[in-house]
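**Q**
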Amino acid sequence: MTIDLADPNLKIITDTASDGDCLGPCPARELMDYVLDNNGFAAINGTYFETGAARRNYYFFPVYNSRLGVMINEAQLKWWTTGPLMVFDENNKFYYFPDSRDFGSVAKFESKYGVKIQAAIGNKPRLIENYLNWLIDWEVDESQMTGKYIRTAIGYKDNKIYLVVANKATVPELAIIMQTLGMEYALNLDGGYSTALYYNDEYMIGPGRNIPNAIIFAKKN
Numbered sequence: 003m004t005i006d007l008a009d010p011n012l013k014i015i016t017d018t019a020s021d022g023d024c025l026g027p028c029p030a031r032e033l034m035d036y037v038l039d040n041n042g043f044a045a046i047n048g049t050y051f052e053t054g055a056a057r058r059n060y061y062f063f064p065v066y067n068s069r070l071g072v073m074i075n076e077a078q079l080k081w082w083t084t085g086p087l088m089v090f091d092e093n094n095k096f097y098y099f100p101d102s103r104d105f106g107s108v109a110k111f112e113s114k115y116g117v118k119i120q121a122a123i124g125n126k127p128r129l130i131e132n133y134l135n136w137l138i139d140w141e142v143d144e145s146q147m148t149g150k151y152i153r154t155a156i157g158y159k160d161n162k163i164y165l166v167v168a169n170k171a172t173v174p175e176l177a178i179i180m181q182t183l184g185m186e187y188a189l190n191l192d193g194g195y196s197t198a199l200y201y202n203d204e205y206m207i208g209p210g211r212n213i214p215n216a217i218i219f220a221k222k223n
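What the sequence shown shows, in our numbering, is residues 3 to 223, in sequence order.
1) Under a Cβ-count criterion, where at least 16 other Cβ atoms within 10 Å of its own Cβ denotes burial, should Leu129 be classed as buried or exposed?
2) Near Gly32, which residues of its chain fall below 7 Å by C-beta distance, leaving aside the five closest residues on each side in sequence?
3) Give me the DSSP bridge partner(s) of Arg31.
4) With DSSP as the reference, label Ile163 as helix, strand or coil.
5) Mind checking who Ala237 pairs with in its DSSP beta bridge?
6) Out of curiosity, what's the CA-to-CA distance linking Asp139 and Asp35?
7) Between Asn47 and Ala188, how many whole angstroms is the CB-CB distance? I'm expecting something under 8 Å.
8) Measuring CB to CB, does Arg153 end up less than 9 Å from Asn190?
9) What residue from Trp81, Thr84, Gln120 has the CA that sits closest to Lys95's CA?
10) Using only the alpha-carbon positions, how far apart do Asp104 and Tyr50 sit?
11) Which runs of the beta strand (DSSP E), 3 residues or longer, sit entirely within the segment 52-138?
12) Along the chain, where does the alpha helix (DSSP H) containing Ala45 start, and where does it finish?
13) Pair every Cβ in the segment 13-20 with every Cβ in the segment 110-127, then say whether three or more of these pairs are closer than 8 Å.
14) Which same chain residues end up closer than 6 Å to Asn169 when comparing Cβ atoms and leaving out the 5 residues on each side of it in sequence?
15) Name the DSSP beta bridge partners of Thr182, please?
16) Just to confirm the assignment, what range does the beta strand (DSSP E) spanning Thr18 have?
17) Using the C-alpha atoms, what's the distance from Thr53 back to Gly194?
18) Check Leu39 in the structure and name its three-state DSSP category.
19) Rounded to whole angstroms, what is the Cα-Cα separation between Asp21 and Val166?
20) If you follow the beta strand (DSSP E) that Met206 is part of, which residue opens it and which one closes it?
21) Which residues mark the beginning and the end of the alpha helix (DSSP H) in which Thr148 is found?
22) Using only alpha-carbon positions, find the residue among Asn132, Ala55, Leu25, Glu175 that is nearest to Ser145.
23) What number of angstroms, rounded off, separates the C-alpha of Asp23 from the C-alpha of Asn11?
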């Protein structure tokens with residue numbers, strides 16, 4: 003699925019089920035609920051999250067809550083292990099930070115670039131940076147390396163966002179797919195039973211289990 007960032011009526015939204023940081027158990031929602039709340043026309047599931055009972059639906063990665071104007075898990079931005087971050091301003095301009103520490107904070111970003119943040123999401127592993135396959139072995143566990151499951155990714159090239167779902171693929175194979183598609187940047191998203199892709203009033207894939215965050219695309223008017 004392709005989303006044109008040049009569309010002046012496009013609004014990009016990252017939304018979370020929790021209105022603040024949550025260590026678990028945490029709330030989660032069906033992708034359709036995020037779409038309805040934000041009047042979206044397209045959406046995809048977001049980050050990895052815990053599925054065990056004690057910390058169910060907890061996720062480590064920073065996600066900007068566009069509704070509230072709050073970066074959930076902002077404290078994680080200071081760690082080099084947090085990894086990359088994709089960011090969009092209110093004019094739908096795309097920003098990519100290979101290291102979350104380079105982003106710093108919402109305040110630092112808005113001051114440096116003279117814009118207002120609209121959406122942001124981090125996840126690992128990174129797949130593509132500057133058109134190159136940048137998958138790092140130590141960021142990939144055994145299941146990601148060898149398991150052939152439904153995989154999900156978000157990519158950017160030519161001022162467009164690409165939402166990609168690959169069936170029966172490992173994460174290294176997903177990186178190859180994104181490079182073959184010519185992505186300039188791409189991040190792995192959660193997959194498997196979390197996979198859900200929505201477009202124009204229907205699910206293209208899923209839904210599976212409820213998810214704690216999502217990426218939604220809506221019209222401003």
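Yeah, the Cβ is synthetic: ideal placement off N, Cα and C, and Gly gets one too.
**A** Here's the rundown:
1) Within the sequence shown, numbered from 1, the residue matching residue 129 stands at position 127. Burial check for Leu129: the Cβ neighbour count within 10 Å reaches 16 or more, so the residue is buried.
2) The sequence position of residue 32 within the sequence shown is 30, counting from 1. Contrary to the premise, residue 32 reads as Glu rather than Gly in this sequence. Cβ neighbours of Glu32 beyond the five flanking positions: Pro209, Asn212.
3) The count along the sequence shown starts at 1 and reaches residue 31 at position 29. Beta bridge pairing from DSSP links Arg31 with Ile213.
4) Position 161 of the sequence shown, counting from 1, holds the residue named residue 163. Here DSSP, grouped into helix, strand and coil, assigns Ile163 to strand.
5) The structure shown does not extend to residue 237, since the chain is modelled only from 3 to 223, so the question has no answer here.
6) Taking the first residue of the sequence shown as 1, we reach residue 139 at position 137. Taking the first residue of the sequence shown as 1, we reach residue 35 at position 33. Computed Cα separation, rounded: 35 Å.
7) For the purposes of this step, residue 47 is identified with residue 45 of the sequence shown, where counting begins at 1. For the purposes of this step, residue 188 is identified with residue 186 of the sequence shown, where counting begins at 1. Cβ-Cβ separation between Asn47 and Ala188: approximately 16 Å, too far for a contact (criterion under 8 Å).
8) Within the sequence shown, numbered from 1, the residue matching residue 153 stands at position 151. Within the sequence shown, numbered from 1, the residue matching residue 190 stands at position 188. In contact: Arg153 and Asn190 (Cβ atoms closer than 9 Å).
9) To locate residue 95, count along the sequence shown from 1; it is residue 93. The candidate whose alpha carbon is nearest that of Lys95 is Gln120.
10) The residue labelled residue 104 in the question sits at position 102 within the sequence shown. The residue labelled residue 50 in the question sits at position 48 within the sequence shown. Each residue's Cα considered, the two are about 22 Å apart.
11) Runs found: 65-67, 72-74, 87-91, 96-99, 119-124, 128-131.
12) Translated into the one-based positions of the sequence shown, residue 45 becomes position 43. Ala45: not part of any alpha helix (DSSP H); member of the beta strand (DSSP E) spanning 42-47, first to last residue.
13) Look at the beta carbons and you see the segment 13-20 touching the segment 110-127: at least three pairs across the two are nearer than 8 Å.
14) Within the sequence shown, the letter at position 167 stands for residue 169. Closer than 6 Å at Cβ, skipping near neighbours: Ile152.
15) To locate residue 182, count along the sequence shown from 1; it is residue 180. Beta-bridge pairing links Thr182 to no other residue.
16) Position 16 of the sequence shown holds residue 18. Counting along the chain, the beta strand (DSSP E) containing Thr18 begins and ends at 12-18.
17) What you label residue 194 is simply residue 192 of the sequence shown in a count that begins at 1. What you label residue 53 is simply residue 51 of the sequence shown in a count that begins at 1. One alpha carbon belongs to Gly194, the other to Thr53, and they sit about 12 Å apart.
18) Mapped onto the sequence shown, residue 39 falls at position 37. Looking at the sequence shown, residue 39 is not Leu but Asp. Looking at Asp39 - three-state DSSP - the assignment turns out to be helix.
19) Reading the sequence shown from its first residue, position 19 is the one you call residue 21. Reading the sequence shown from its first residue, position 164 is the one you call residue 166. Take the alpha-carbon of Asp21 and the one of Val166: they are about 28 Å apart.
20) In the sequence shown, counting from the first residue as 1, residue 206 sits at position 204. That run of the beta strand (DSSP E) goes 204-207.
21) Position 146 of the sequence shown, counting from 1, holds the residue named residue 148. Bounds of the alpha helix (DSSP H) holding Thr148 are 144-148.
22) Numbered from its first residue, the sequence shown carries residue 145 at position 143. The option with the nearest alpha carbon to Ser145 is Glu175.
23) In the sequence shown, the residue the question calls residue 23 occupies position 21. In the sequence shown, the residue the question calls residue 11 occupies position 9. Rounded to the nearest angstrom, the two C-alpha atoms are 31 Å apart.
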